[in-house]
Amino acid sequence: MNELASLGLILLFALLLGHLVKYVRVPEVTGYIFAGITLGPSVLGWLSHENVRTLSVFSEVALGLILFSIGSVFEGSRVRALGWPVLRVALCETGIAAMLVAGAALALGQTWQVALLLGAIAMETGAASTLMVMREYDSAGPLTDTLTGVIAVNNILCLIAFSTAATVINLGTGVTATRGWAGIYESVFPLVWQLAGSAALGYLVGLLLAGWASRVTAHGEILILLAGCVLLCVGAAMLMELSALVASLAVGATMVNLSSRSRRLFGALGQTDPPLYAIFFVIAGADLNLSLLKSMGAVGLAYVAARACGKVFGARLGAHISALPLEVRRYLGTSLLAHAGLAVGLTLAVSRRFPDLAPAVVTVVLSAVVVYEIFGPLGVRIALQATGESGRLVESRELNLD
Amino acid sequence: VTRQQYIGALTAGAAAILAAGTALKPVRERAPQIVVADPEMERKTLRRSIEASNEWFVETARRARLRLAAVRETGATAIVWDSGGALLAADRGPLDSALHVRFEGGATAKAVVERSTPEFPLMLLRMERTQIAAAPRAVALRPGSSIVIVWPSGFLPATFGGMRSGDCGEALLTTVPLVSVPPGSAAFDLSGALAGFAIRCGGHTEVLSIAWLQRFVEAANSVEARILGRFGMRVRIPEARVIEVWEGASAGRAGVLPGDVIATDVQQLALPASRVVIEVPILRNKRRLTVRLDTRMMEGQRDLAAAGILPADRIVSVNGQPVAGRAEADRLLSRVSSAFLVVQRGERLFGVNVER
Numbered sequence: 039m040n041e042l043a044s045l046g047l048i049l050l051f052a053l054l055l056g057h058l059v060k061y062v063r064v065p066e067v068t069g070y071i072f073a074g075i076t077l078g079p080s081v082l083g084w085l086s087h088e089n090v091r092t093l094s095v096f097s098e099v100a101l102g103l104i105l106f107s108i109g110s111v112f113e114g115s116r117v118r119a120l121g122w123p124v125l126r127v128a129l130c131e132t133g134i135a136a137m138l139v140a141g142a143a144l145a146l147g148q149t150w151q152v153a154l155l156l157g158a159i160a161m162e163t164g165a166a167s168t169l170m171v172m173r174e175y176d177s178a179g180p181l182t183d184t185l186t187g188v189i190a191v192n193n194i195l196c197l198i199a200f201s202t203a204a205t206v207i208n209l210g211t212g213v214t215a216t217r218g219w220a221g222i223y224e225s226v227f228p229l230v231w232q233l234a235g236s237a238a239l240g241y242l243v244g245l246l247l248a249g250w251a252s253r254v255t256a257h258g259e260i261l262i263l264l265a266g267c268v269l270l271c272v273g274a275a276m277l278m279e280l281s282a283l284v285a286s287l288a289v290g291a292t293m294v295n296l297s298s299r300s301r302r303l304f305g306a307l308g309q310t311d312p313p314l315y316a317i318f319f320v321i322a323g324a325d326l327n328l329s330l331l332k333s334m335g336a337v338g339l340a341y342v343a344a345r346a347c348g349k350v351f352g353a354r355l356g357a358h359i360s361a362l363p364l365e366v367r368r369y370l371g372t373s374l375l376a377h378a379g380l381a382v383g384l385t386l387a388v389s390r391r392f393p394d395l396a397p398a399v400v401t402v403v404l405s406a407v408v409v410y411e412i413f414g415p416l417g418v419r420i421a422l423q424a425t426g427e428s429g430r431l432v433e434s435r436e437l438n439l440d
Numbered sequence: 019v020t021r022q023q024y025i026g027a028l029t030a031g032a033a034a035i036l037a038a039g040t041a042l043k044p045v046r047e048r049a050p051q052i053v054v055a056d057p058e059m060e061r062k063t064l065r066r067s068i069e070a071s072n073e074w075f076v077e078t079a080r081r082a083r084l085r086l087a088a089v090r091e092t093g094a095t096a097i098v099w100d101s102g103g104a105l106l107a108a109d110r111g112p113l114d115s116a117l118h119v120r121f122e123g124g125a126t127a128k129a130v131v132e133r134s135t136p137e138f139p140l141m142l143l144r145m146e147r148t149q150i151a152a153a154p155r156a157v158a159l160r161p162g163s164s165i166v167i168v169w170p171s172g173f174l175p176a177t178f179g180g181m182r183s184g185d186c187g188e189a190l191l192t193t194v195p196l197v198s199v200p201p202g203s204a205a206f207d208l209s210g211a212l213a214g215f216a217i218r219c220g221g222h223t224e225v226l227s228i229a230w231l232q233r234f235v236e237a238a239n240s241v242e243a244r245i246l247g248r249f250g251m252r253v254r255i256p257e258a259r260v261i262e263v264w265e266g267a268s269a270g271r272a273g274v275l276p277g278d279v280i281a282t283d284v285q286q287l288a289l290p291a292s293r294v295v296i297e298v299p300i301l302r303n304k305r306r307l308t309v310r311l312d313t314r315m316m317e318g319q320r321d322l323a324a325a326g327i328l329p330a331d332r333i334v335s336v337n338g339q340p341v342a343g344r345a346e347a348d349r350l351l352s353r354v355s356s357a358f359l360v361v362q363r364g365e366r367l368f369g370v371n372v373e374r
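Chains as they are written, first to last, in this note's numbering: chain C, 39 to 440; chain F, 19 to 374.
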């Protein structure tokens, strides 16, 4: 099937299953992922691996836009109000999830290197699917604010932990021993470069966006500017071997702090991006290999269980320490379960940097992603509805209008 | 610090980070490739390479044979020379005589001898039907090129080593002996282009170069060449004076001598004759004579030519018996089935076996 027909099918199936899942009170995102699984090689095979590879450029753009949206949580006033509590919660939930997963892997006979990598990757929470569920349910309130902030910090912490783990493995397995300081430098450089370089790139692109946005008034022009900047950022990050995720976050953060028109810009984005997000989640679903569930094994099951426990109890502990409201303490962990995006990207990094460790790590992570991408968005919906934050954004908009 | 200064400092810092990071990025060294010696693998690879080469030679020979034809009357092999229906055959034959050729695929055609000379066992035939096979492209080889020499029942792969001056003209120097190569074989390069054509010359086989063959063919229609080929006498055209007569050829047997002047239209001698023997008036020391010239090539000439003896060569002895001239040698040769001849070519004496 050619790419245009594939895109048409993706959008129509996304619409169809997005509607169907609403009858069973499941988030649209889960419907999109099911549409991808149905169209993909695991079921109907109408979308081949080649189609998915060709269309992955849409995924990159969509992920860039999603992270750009999340970057808006770093608005100065918001950081001052929520900064420390969010950081404490993120540290607790990522730290405990990582320790439990690594411990379970060691207990099941995995090497310390595999355990370290699994622990680092388990820290991640799928930003895209979580944010999409929040948008679908027009949520607003303490849980939504905390959740958005935690996801942003969580992804950065995951990236730092993974880069540190990779450096430790390099140092510990003697790769650097034979190359001396040059080996240590080669191991540490990616850690610094991925964070500082990506933030610097995102800042520069965000500066360009903020400066130009003040001179652009028409809705269409705003979208062109935004799309151009996000594409430039993602493309440049890939070219310079930086993290597109951190760079996109930095673009959003810069924009929200430097431009007075940022709300208008984020609003314009929200009205235009649904088809792109639908494509992103359908492709993510088509890329899920259901046959991996069979080969998940005890380590895979332990990963799923340990990560879920770590996220739920870690978030609860962090929220308790930060004295966040009771609803947030109860439901924040449930809404942090989604697992994809960066985790999948890190499995590719494992395959490239540690080919001998890749089989053990990649199978476990990808099979867990299948489980979490199906049930993760459901957890977010349950949390939003239980706290009563679902639909509050519409109410507040109506109040503002009145 | 104003907001602008703050933003400016941040921008400079970000640009500096990107510039420094790009400059300091460690260069990934490519892992050295380890060559593993595996005699069995090498043997298999070599075998596959040889098999592939052999398949190529077989295919080239198969294609080349489509352009080879057999002359029914003499059994000689010919190759399609141009798209106008010309064939080059490794044999001699009477000029303008009609012959029949048969191609590999079974197609037959009538052909007329357009150029033949006692100098070389080569003749140019012209087919009446020209759509039988396309002519191969000619090529000038570079030393070291692979070639394949093809004949109707076999082929011989070889390497071209350069050009050499052979007994019959410019010939290909090959890395393999041409003992088994029959006359009429054609040499092709790797792309299937024609590189040479084999004839029997001086008792051995030579693969003549395309350039030399082209010169031979270009002379096909000159009056001098046709008269020389037909009667064995070289005539200088404007004054119609005979400047060379080959012993044993038609003119020599008829008593034509160098210095005689043809007292008729010389062009007529080059045209196909309706009779076997034609009467030609000549002037010798202001006396008018008539000579009878035979238009046929004699059998004895064919045998001597096949042994590499040129019409201008002087036969010194036949089986150890000294002979006075070509006529006496022909008489002695007609009595035996094989003979050893001592031949004088210019200053050089050499021996040659003649099979009849």
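Beta carbons: idealized from backbone N, C-alpha and C, even for Gly.
Do you know whose CA, among the options, lies nearest residue i's CA?
i                : options                                  : result
ALA229 (chain F) : F:SER134, F:LEU350 and F:LEU159          : F:LEU159
GLY417 (chain C) : C:LEU287, C:LEU50, C:GLU66 and C:ILE134  : C:GLU66
VAL191 (chain C) : C:ASN295, C:GLY133 and C:LEU85           : C:GLY133
ALA136 (chain C) : C:PHE351, C:SER360 and C:GLY323          : C:PHE351
TYR369 (chain C) : C:ALA346, C:ASN193 and C:ASP311          : C:ALA346
SER355 (chain F) : F:PRO139, F:VAL336, F:GLU242 and F:VAL98 : F:VAL336
PRO112 (chain F) : F:ARG85, F:ASP283, F:GLU297 and F:ARG293 : F:ARG293
CYS219 (chain F) : F:ASP109, F:PRO154 and F:ALA258          : F:ASP109
VAL171 (chain C) : C:ALA248, C:VAL59, C:GLU88 and C:ALA140  : C:VAL59
ALA158 (chain C) : C:GLY141, C:ASP394 and C:ARG173          : C:GLY141
Under the rule that 16 or more other beta-carbon atoms within 10 Å means buried, what is residue i, buried or exposed?
i                : result
LEU54 (chain C)  : exposed
TRP264 (chain F) : buried
ALA204 (chain F) : buried
VAL230 (chain C) : exposed
THR223 (chain F) : buried
ALA49 (chain F)  : In this predicted model, ALA49 (chain F) has a pLDDT of only 49, less than 50, meaning its place in the structure is not dependable enough to derive any value.
If the criterion is Cβ atoms closer than 9 Å, does the pair residue i and residue j meet it?
i                : j                : result
PHE318 (chain C) : ALA43 (chain C)  : no
GLY371 (chain C) : THR168 (chain C) : no
TYR341 (chain C) : ALA406 (chain C) : yes
ARG81 (chain F)  : LEU105 (chain F) : no
GLY247 (chain F) : SER134 (chain F) : yes
ILE167 (chain F) : THR192 (chain F) : yes
LEU374 (chain C) : ALA353 (chain C) : yes
VAL279 (chain F) : ALA258 (chain F) : yes
MET278 (chain C) : LEU239 (chain C) : yes
LEU181 (chain C) : THR385 (chain C) : no
GLY157 (chain F) : PRO175 (chain F) : Here residue 157 (chain F) is Val; the residue named in the question, Gly, does not match the sequence. Against a cut-off of 9 Å, the Cβ pair of PRO175 (chain F) and VAL157 (chain F) comes out as no contact.
GLY187 (chain C) : VAL111 (chain C) : yes
GLY323 (chain C) : GLY78 (chain C)  : yes
Could you compute how far the alpha carbon of residue i sits from the alpha carbon of residue j?
i                : j                : result
LEU380 (chain C) : GLY164 (chain C) : 7 Å
GLN62 (chain C)  : SER428 (chain C) : The amino acid occupying residue 62 (chain C) in the given sequence is Val; Gln does not appear at that position. Near 17 Å, if we compare the C-alpha coordinates of SER428 (chain C) and VAL62 (chain C).
GLU58 (chain F)  : LEU154 (chain C) : 44 Å
SER163 (chain F) : LEU190 (chain F) : 12 Å
ALA94 (chain F)  : LYS304 (chain F) : 45 Å
LEU263 (chain C) : ALA357 (chain C) : 38 Å
VAL152 (chain C) : VAL289 (chain C) : 33 Å
GLU73 (chain F)  : GLU132 (chain F) : 38 Å
GLY124 (chain F) : ARG66 (chain F)  : 35 Å
GLU60 (chain F)  : THR205 (chain C) : 42 Å
ALA127 (chain F) : ALA96 (chain F)  : 12 Å
ALA87 (chain F)  : LEU117 (chain F) : 12 Å
CYS267 (chain C) : ALA143 (chain C) : 41 Å
GLU242 (chain F) : GLY184 (chain F) : 24 Å
VAL372 (chain F) : ALA79 (chain F)  : 32 Å
VAL309 (chain F) : ILE300 (chain F) : 7 Å
Which bits of chain A does residue i rub up against, with CB to CB less than 9 Å?
i               : result
THR20 (chain F) : No chain A is present in this structure, whose protein chains are C and F.
Practice task
Note down, one range per segment and in chain order, each beta strand (DSSP E) of at least 3 residues found wholly within the segment 78-136 of chain F.
Solution key: 86-89, 95-98, 104-107, 116-121 and 126-135
Practice task
Pick out the complete beta strand (DSSP E) segments inside the segment 247-296 of chain F, 3 residues or longer, and give them in chain order.
Solution key: Runs of beta strand (DSSP E) with 3 or more residues, each lying fully within the segment 247-296 of chain F, are found at 251-254 and 259-263, listed in chain order.
Handout entry: Completely contained alpha helix (DSSP H) runs for the segment 379-428 of chain C, where each covers 4 or more residues
Key = As far as the segment 379-428 of chain C is concerned, its whole alpha helix (DSSP H) runs of at least 4 residues are 380-391 and 396-424.
Exercise for the section: Go through the segment 168-244 of chain F residue by residue and report every complete run of the beta strand (DSSP E) that reaches 3 residues or more, in order. Expected result: 172-183, 188-192, 204-207, 212-219 and 222-227
Handout entry: Those runs of the alpha helix (DSSP H) which lie wholly inside the segment 153-193 of chain C and span at least 4 residues
Key = 165-174
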